[in-house]
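First up is the structure itself, then whatever we jot down about it.
Protein chains: 2
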Amino acid sequence: MTDAVEPPRARRPNTRLEEVARAAGVSKSTVSRVINGEPYVSSRAREAVHQAIVELGYSPNQAARTLAGSRANCIALVVSEQGSRVLNDPFFAGVLRGVHAELAGKRVQLVLMMSKEGDEQDLVNYLCGGHVDGVLVVSLHGQDPLPRTLADAGLPTVVCGRPLGAGGVPYVDSDNFNGAMEAARYLISRGHRKIATIAGPRDMAVGMDRLSGWKRALSQARLPEDLVAYGDYTPESGAAAMDELLTREPELDAVFVGADIMAMGALQSLHAHGKRVPQDVAVVGFDDLMIASTAVPPLTTIRQDVEQLGRTMTWRLMAELAGEENLPPFLLLPTSLVHRASA
Amino acid sequence: MTDAVEPPRARRPNTRLEEVARAAGVSKSTVSRVINGEPYVSSRAREAVHQAIVELGYSPNQAARTLAGSRANCIALVVSEQGSRVLNDPFFAGVLRGVHAELAGKRVQLVLMMSKEGDEQDLVNYLCGGHVDGVLVVSLHGQDPLPRTLADAGLPTVVCGRPLGAGGVPYVDSDNFNGAMEAARYLISRGHRKIATIAGPRDMAVGMDRLSGWKRALSQARLPEDLVAYGDYTPESGAAAMDELLTREPELDAVFVGADIMAMGALQSLHAHGKRVPQDVAVVGFDDLMIASTAVPPLTTIRQDVEQLGRTMTWRLMAELAGEENLPPFLLLPTSLVHRASA
DNA sequence: CCAAAACCTGGGAGCGCTCCCAGACGTTCA
DNA sequence: TGAACGTCTGGGAGCGCTCCCAGGTTTTGG
């Protein structure tokens, strides 16, 4: 019994364009025109084709379209990170919502991809292999080579958040610098003079930009800029940083925390040290997550519009795909101060 | 000035297989063999090809491979639901984690797709158009026509959770019936006699299966099965359902809640009514989410392994793609009772 | 020592589309 | 009247691969 057990490849019961053409009594070209919504088709032909498509249950072979037409009508949203982690991230959820919204009504599919560890090359191959027309990259860690790699391969790419290592790749980001500066200025305007900050990791642009904004505001007001501690976007790290700051300067009267999630920890720490917020220490966060409004006390924070971030990235990418020229190399979205009880 | 401003299509700086062949001094066929890891290639040729690939920065055109080879090395995970909602769902995150894990090391890409409203046809076209080899469907609402449509189109499909409207489409699910039965039996074994349940919506299989399991256990113990209220997988609905049950039967001494998320609401309601858990009313949940262990009191619940769900779906799909026969039409994964303080 | 088997290679058809081209019609307007 | 144009149509090359086939070279074994 030498019955070779081969995987039965080539399932091909699918109707092809040619059969539709035959059924409709027109040529392949005309069917193609109808499918792609081109002009110069008589309504008689158009209707015959539509009917044939329905009758035969035809759906065009995407691979063939992509190959012949050299565009895929498909863009990828790549999360350069262990995928499942990101799913509980409200930031990513917001961006995705924005991308989705911007794509509504356009005949462009969105595929979401995550790098599997050790699989980066496969990812790059897939993306560069003409399967997608362009890529949106959400890179959560700092120096990610992926945007550079994609851009070098000639694939239109837009990054979410200023990339550290990928100079020249177009990106969209919130105006973290000015947002942070506004936060610090607000604290200054309320009479605070010993103002600390809790910044994000040094290898992420978002952390550095917010720190720079804070510094600029303080230096312009001729206030000391040395009360800086670092966290890593967890409540625990925020609490630890706050502990450290209170040890270094027990008399501090305000703190700008570069992320709401860290501000939660800072609030805990302040409470543990018997400091009242905002009477003893004023706190301003950044992001305006859901938790900011439910915190005790409700958190004054800098709002960034993540959904708009997703929309803008998508717009920028689609514009490039449409051949528009002189597009801005990067875009910064405005932030706004949301006044609540903590400062 | 009739300078037609056409989108510059056909970006084609990409190296092609033929150029690699020329650079390596071999034929197209040999390059193809190397890329696909086939045997019968001399190590000399293999190395020359590998080097040429690196030097030229070649990545194969996926569309062409798919078209010529009639397989895409790519499967889709389709969420048949407004996408962004699902991102905060721990159930979905777990499934995705499982799918990812099962795919590790395989040269198969995963694309995640969500239906945009009014766009279902485009989705179906994309999926049926040969861009993917198979589909995993996570359908959150009950009667979803998508699995049927895909299966009818001849596309290997596996559904997550027993589909209501798609008889015959392979699915993987937790054994909700037996899990619920175990929960109810546990309550019975602890001496409870007035046992209520809060069930999920009637149009979702998961809700019905858990309700059936509860009913079976009660009927076998000759206990009344009329204390049923319904919720919709929100804490609020759980609280409302608990209120209703307490009004109908103030003396009830136990409740099986068909989802931890609703159990959170039920606990609130019981607390508001002055009932102590578990002394006055015992509570058993289902799912074993993170919140179950942090609830007050910690929730006794039926654990389902969502990550295993994702892995099993993927295994089932890949097996079908590999041409295996006599695969089971559906698979039920065992659940287990996690004993904590609430019952 | 020669047939059979295993190994390695190149040629080329063809996957199902898109898009260019050529041509067959009207219609319009000097 | 006929050039110029807009409208509609079909033919066919070719996108970049895979995979079948045919043929050459080496190893095996009786």
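Listed in order, the protein sequences are those of chains A and B. Per this note's numbering, the first sequence starts with residue -3, numbered consecutively. Per this note's numbering, the second sequence starts with residue -3, numbered consecutively. Note that beta-carbon positions come from the ideal geometry of N, C-alpha and C, so glycine has one too. A quick note: this is a predicted structure, and the numbers were derived from the prediction, not measured.
Strand pairing of residue i, partner residues [DSSP]
{"i": "Arg299/B", "result": "Asp283/B and Ser332/B"}
{"i": "Val153/A", "result": "A small correction: the amino acid at residue 153/A is Thr; Val does not occupy that position in the sequence shown. Per DSSP, Val131/A."}
{"i": "Gln117/B", "result": "Gln117/B pairs with nothing; no bridge assigned."}
{"i": "Ala192/B", "result": "Val251/B"}
{"i": "Val50/B", "result": "For Val50/B, which the question treats as bridged, DSSP gives no partner whatsoever."}
{"i": "Asp417/B", "result": "Since the first residue of chain B shown is -3 and the last is 339, residue 417/B is not available in this structure."}
{"i": "Cys70/B", "result": "Gln105/B"}
{"i": "Met204/A", "result": "DSSP lists no partner for Met204/A."}
{"i": "Val75/B", "result": "Met110/B and Val134/B"}
As assigned by DSSP and simplified to three states, the class of residue i
{"i": "Gly227/A", "result": "coil"}
{"i": "Asp(-1)/A", "result": "Note that Asp(-1)/A has pLDDT 32, beneath the 50 cutoff, so the model's placement of it is unreliable and no number is given."}
{"i": "Val30/B", "result": "helix"}
{"i": "Leu183/B", "result": "helix"}
{"i": "Gln216/B", "result": "helix"}
{"i": "Ala20/B", "result": "helix"}
{"i": "Ser111/A", "result": "coil"}
{"i": "Ala268/B", "result": "helix"}
{"i": "Ala162/A", "result": "coil"}
{"i": "Ala339/B", "result": "coil"}
{"i": "Ala176/A", "result": "helix"}
{"i": "Ala100/A", "result": "coil"}
{"i": "Ala291/B", "result": "coil"}
{"i": "Arg8/B", "result": "Confidence at Arg8/B is low in this model, with a pLDDT of 45, below 50, so the placement of that residue is unreliable and no value is reported for it."}
{"i": "Ala278/B", "result": "strand"}
{"i": "Ser38/B", "result": "coil"}
{"i": "Glu245/A", "result": "coil"}
{"i": "Glu320/B", "result": "coil"}
{"i": "Ser25/A", "result": "helix"}
{"i": "Glu221/A", "result": "coil"}
{"i": "Pro143/B", "result": "helix"}
Residues near residue i in its chain [Cβ-Cβ closer than 8 Å; skip 5 each side]
{"i": "Arg189/B", "result": "Leu219 and Asp249"}
{"i": "Glu245/A", "result": "Lys190, Ala192 and Leu223"}
{"i": "Leu323/B", "result": "Pro166, Arg312, Ala315 and Glu316"}
{"i": "Pro3/A", "result": "Residue confidence is low: Pro3/A scores 36 on pLDDT, short of 50, so the model does not pin down where it sits. No coordinate-derived value is stated."}
{"i": "Thr145/B", "result": "Val120"}
{"i": "His335/A", "result": "Thr296"}
{"i": "Thr11/A", "result": "Leu52, Gly53 and Tyr54"}
{"i": "Arg5/A", "result": "Note that Arg5/A has pLDDT 36, beneath the 50 cutoff, so the model's placement of it is unreliable and no number is given."}
{"i": "Arg103/A", "result": "Asn69"}
Cross-chain neighbours of residue i in chain B, by beta carbon under 9 Å
{"i": "Ala62/A", "result": "It is Thr, not Ala, that sits at residue 62/A in the sequence shown. Chain B residues near Thr62/A: Asn57, Gln58, Ala59, Ala60, Thr62, Leu63 and His127."}
Close Cβ partners of residue i (< 6 Å) along its chain, the five nearest in sequence each way excluded
{"i": "Ala44/B", "result": "Ala20"}
{"i": "Arg29/A", "result": "Val37"}
{"i": "Arg158/B", "result": "Tyr167, Asp169 and Ala201"}
{"i": "Asp228/B", "result": "Pro197"}
{"i": "Arg181/A", "result": "Ala213"}
Cross-chain neighbours of residue i in chain A, by beta carbon under 9 Å
{"i": "Ala237/B", "result": "Residues of chain A passing the Cβ test: none, with the nearest at roughly 24 Å."}
{"i": "Asn174/B", "result": "The contacting residues do not exist; Asn174/B stays about 28 Å from chain A at best."}
Partner residues on chain B for residue i, Cβ-Cβ distance less than 8 Å
{"i": "Cys124/A", "result": "Asn10 and Ser55"}
{"i": "Asp118/A", "result": "Arg103 and Gln105"}
Contact set for residue i: own chain, Cβ-Cβ below 7 Å, skip 5 residues either direction
{"i": "Leu327/A", "result": "Val168, Thr308 and Arg312"}
{"i": "Val273/B", "result": "Leu263, Leu266, Val279, Pro293 and Ser338"}
{"i": "Val16/B", "result": "Val27, Val45, Ala48, Ile49, Leu52 and Tyr54"}
{"i": "Ile31/A", "result": "Pro56"}
{"i": "Arg8/B", "result": "Any reading at Arg8/B must be qualified, since the residue scores a pLDDT of 45, below 50, and its modelled position is unreliable; the value itself is stated next. Answer for Arg8/B: no residue qualifies."}
Within chain A, partners of residue i - CB distance below 8 Å
{"i": "Met109/B", "result": "Gln105, Leu106, Val107 and Leu108"}
{"i": "Asn344/B", "result": "In the structure as shown, chain B begins at -3 and stops at 339. Residue 344/B is therefore absent and cannot be evaluated."}
{"i": "Asn32/B", "result": "Result: empty, since nearest Cβ-Cβ is about 13 Å, beyond 8 Å."}
Next on the checklist: What are the residues in the segment 307 to 335 of chain B lying within 7 Å of chain A by C-beta distance?
Outcome noted: Ala318 and Gly319
Next on the checklist: Using a Cβ-Cβ cutoff of 9 Å, what residues of the segment 206 to 233 of chain B are near chain A? List them in chain order.
Outcome noted: none
Item to check | Where the segment 250 to 264 of chain B meets chain A: residues whose CB sits under 7 Å from a CB there | outcome: none
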